[in-house]
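Chemist: If you read the protein sequences in the order shown, they are chains A and B.
Numbered continuously in my numbering, the first sequence closes out at residue 281.
Numbered continuously in my numbering, the second sequence closes out at residue 290.
Note that beta-carbon positions come from the ideal geometry of N, C-alpha and C, so glycine has one too.
I'd like to ask you about the structure that follows.
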Amino acid sequence: MDIEDTKASPLHWIVYIGVIVSVLGPLIPQFIWPFAKSWFFPDLLPSVWSVRAWEYIANPNSQVLEAVWNSLVIAVLVTCISVLLGVPAGKALGMYRFRGKGLVELFILAPSIIPGLAVTMGIHVVFIRLGLSDTLLGVVLVHLIPTIPYMTISMSGIFANYDPDFEEQARSLGASTFKTFFIITLPAIFPGIVTGAMFAFLISWGQYLLTVLIGGGRVITLPLLLFSFAASRDNAFMSALSIIFLLPAIIILFFTSKFLSGKSSSMGGFGTI
Amino acid sequence: MTKRTTIVLLLFPTISVLVLLFLGGLAMGLMQSFGYMPLIGMNDFNIDAYGSLFGDQEFLLSLALTLWISISSTLLTMVLAIITALAFRKTFSGKRIANFLYQFPITIPHIVIAVGTLLVFSQSGMAARFAHQAGLIADQNQFPVVVSDKLGLGIIYVYLWKQIPFVGVIVLSILQAMGNNYEELARSLGASKWQAFRHVLLPTIIPGILPASIICFSFTFGSYEVPFLLGRPYPTVISVLAMRLYQDVDLNARPQAMATAVFMAAFISIMVVLYKRLLGKMSGRR
């Protein structure tokens, strides 16, 4: 094949433009609506502009700030616990061969594949009994069901590509297990941990169903508010909230796009199903 | 420390949390689906809820709609992910930005795109406005109903938006790992472009994206927010139906809600087991 074949043809350009239009299409109006007061069919731009949606958000009575705070606290706690549990488990799955490993992998993967409705409804009764329903702690606990499998499987992908010889060498030179971990293992797997942690954060940040079931409408998070505005089709408010909801995802994408492109091993672990 | 102890210690925290929350929750859900709820004084053990499930027309309609949406969006995702990934393999000016946009949807929450789909594709949305400006329609009611429609087109659009990049990135990495050599070899032996794709690229790509497709299918099968916002109230998808039954003030609807949710979990579990069997047979191991 000559070099021509690696260049884009007009047909390819149709694909590129199609991708750009369909990716950005649903996002652009969301950035205009929060500034619109009246914007009727068939106008392409609002006839009256306003910032009332933002004033509403900044108003302490509107619950938006409380919801953002709750979402952040829950997602940070969930991420930290997932990292603490997922890194060791990922190491076991990524670096060791043992009997029943396939079964263990399937069990850890199952909560991220099997629809969580039955599990969460089942837990709800127990949580009511334990006083965990309608509490932040209860919401954190159920968010762990999808994030721990994600973190573990990502880390097992990272550890599968990690060379344990360095650990052996450090230990043979007299380093303790802890010292070896902090000086040798941690720096090697750190980029993988960061990527996995950011996605665990996003999984918790975007969670609606689990929060509404266990939080019982008492623990207000951002997706809950956004969902109720979207259900009532209030375009200005739902778009403003949607932008705030979107921000962490965009920030995280800037950090991770280089990890995702091509040779990412953090996605590789999912090949096990 | 022996190797065995190390492995057990490393896995113990994760396994025990998942046993408590996941298996525990599943077991409780199962018990309630059999009508066993001692907390509210229901001590029977029966399969009435499952019986009424399959006799209920709304459940069957919901199941059909859910399957239609999941199967069509998963298949379309695979096809479009392969097409777009093949296009993004080429070099072109502005590739970095286009690449960024291609991966962009992976991190965006589903609700954001459901909101965007409402703003673009509802009858007073941006698409209808552009159609009016272009003189294609005179009135907004003439714009085709693609949100809250019978076929769930708006819902499928959101799933495609989210999933094509997820699968596409995997296809890109498969293409990168395989390089151009096999394709070039096939071409130099006289294969047409299509033949090289059909017999060289496709057999490599398909097994690589099957796990991701299973993830897509099970996600769309159980998803709640998107069909709630972009679907019709009747018939709705199975997860929305289960939630509605669960939130019913009549506690007698509880076992049926649980049975619906347990059915969903069982259906996906059986799918995954069948898939693993098939995979085992195809590759001749396990």
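1) Check whether the segment 164-179 of chain A touches the segment 62-70 of chain B, taking contact to mean three or more Cβ pairs, one atom from each stretch, closer than 8 Å.
2) Could you tell me whether the segment 168-187 of chain B touches the segment 203-218 of chain B, using the rule of 3 or more Cβ pairs below 8 Å?
3) For A190/B and M182/B, I'd like the C-alpha separation in whole angstroms.
4) Using a Cβ-Cβ cut-off of 8 Å, state whether I197/A counts as contacting chain B.
5) Indicate whether at least one CB of chain B lies closer than 8 Å to the CB of R241/A.
6) Between which residues of its own chain and S46/A is the CB-CB distance below 8 Å, once the five residues before and five after are set aside?
7) If you draw a straight line from the C-alpha of S243/B to the C-alpha of P42/B, how long is it?
8) Does the Cβ-Cβ distance between H151/A and V202/A come in under 8 Å?
9) Give me whichever residues DSSP pairs with K15/A in a beta bridge.
10) Using beta-carbon positions only, say whether L30/B and V95/A come within less than 8 Å of one another.
11) Pull up the DSSP beta-bridge partners for A44/A, would you.
12) Please name the residues in the segment 121-137 of chain B whose beta-carbon is closer than 9 Å to at least one beta-carbon of chain A, in chain order.
13) Out of G226/B, I174/B, P239/B, E188/B, which has the shortest C-alpha to C-alpha gap to I213/B?
14) Any residues in the segment 221-254 of chain A with a beta carbon nearer than 9 Å to a beta carbon of chain B? Which ones, in chain order?
15) If L245/B and E62/B are in contact, beta carbons under 8 Å, what's the gap, nearest whole angstrom?
16) Does any residue of chain A bring its CB to less than 8 Å from the CB of Q144/B?
17) Is the beta carbon of Q71/A sitting closer than 8 Å to the one on I251/A?
18) Going by CA-CA distance only, name the one from G235/B, G226/B, W72/B that's closest to V150/B.
19) Check whether the segment 254-268 of chain B and the segment 84-91 of chain B touch, using three or more Cβ-Cβ pairs below 8 Å as the test.
20) Hey, quick one: how far does the alpha helix (DSSP H) through G29/B stretch, first residue to last?
21) What's the call for Y238/B, buried or exposed, on a 16-neighbour Cβ count within 10 Å?
22) Can you pull the chain B neighbours of G146/A, defined as C-beta to C-beta under 8 Å?
23) Leaving out the 5 sequence neighbours to the left and right, which residues in its chain are closer than 7 Å to G39/B when beta-carbon positions are compared?
24) For Y279/B and L80/B, I'd like the C-alpha separation in whole angstroms.
25) So that I know if they touch, is there some Cβ in chain A lying closer than 8 Å to that of V21/B?
26) Per DSSP, M41/B forms a beta bridge with which residues?
27) Run the CB neighbour count on E63/A, radius 10 Å, all protein chains shown included, and call it buried at 16 or more, exposed below.
28) Tell me which residue opens and which closes the alpha helix (DSSP H) that V230/B is part of.
29) When the Cβ atoms of the segment 153-163 of chain A are set against those of the segment 114-130 of chain A, are three or more pairs found closer than 8 Å?
30) Taking just the CA atoms, how far does Y24/A sit from G98/A?
31) Residues in the same chain with beta-carbon distance under 6 Å from S184/A, minus the five sequence neighbours each way, listed in chain order, please.
32) Pair every Cβ in the segment 228-236 of chain A with every Cβ in the segment 72-84 of chain A, then say whether three or more of these pairs are closer than 8 Å.
33) Rounded to the nearest angstrom, what separates G200/A and I160/B at their Cα positions?
34) Output yes if chain B places a C-beta closer than 8 Å to the C-beta of W62/A; else output no.
35) Leaving out five residues on either side along the sequence, give the residues of the same chain with a beta carbon under 7 Å from the beta carbon of R289/B.
Modeler: In brief:
1) no
2) yes
3) 14 Å
4) No, I197/A lies away from the interface with chain B (no Cβ there is under 8 Å from its Cβ).
5) yes
6) By the criterion of a C-beta distance shorter than 8 Å, S46/A is surrounded in its chain by P54, S55, V56, once the five residues flanking it on both sides are discounted.
7) So the alpha carbons of these two residues sit roughly 25 Å apart.
8) Their beta carbons are not under 8 Å apart, which means H151/A does not touch V202/A by this criterion.
9) T95/B
10) no
11) Beta-bridge pairing links A44/A to W57/A.
12) T121, L122, L123, V124, F125, S126, Q127, S128, G129, M130, A131, A132, R133, F134, A135, H136, Q137
13) When the alpha-carbon of I213/B is set against those of G226/B, I174/B, P239/B, E188/B, the nearest one is in I174/B.
14) L221, P231, L234, F235, F237, A238, A239, R241, N243, M246, S247, L249, S250, I251, F253, L254
15) 7 Å
16) Taking 8 Å as the threshold, the shortest C-beta distance from Q144/B to chain A falls below it.
17) no
18) G235/B
19) no
20) 28-37
21) By the neighbour-count criterion, in which 16 or more other beta carbons inside 10 Å mark a residue as buried, Y238/B falls on the exposed side.
22) The contacting residues do not exist; G146/A stays about 11 Å from chain B at best.
23) M46, D48, F49, N50, D52, A53, P259
24) 19 Å
25) yes
26) M46/B
27) exposed
28) 229-234
29) Contact between the segment 153-163 of chain A and the segment 114-130 of chain A is present, with at least three C-beta pairs closer than 8 Å.
30) Rounded to whole angstroms, the gap between the alpha carbons of G98/A and Y24/A is 37 Å.
31) Cβ neighbours of S184/A beyond the five flanking positions: none.
32) yes
33) 32 Å
34) With its beta carbon at least 8 Å from every one in chain B, W62/A lies outside the interface.
35) Caution applies to R289/B, whose pLDDT of 46 falls short of 50 and renders its modelled position unreliable; the value that the coordinates give is listed next. A distance below 7 Å between beta-carbons, with the five flanking residues on each side excluded, links R289/B to no residue of its chain.
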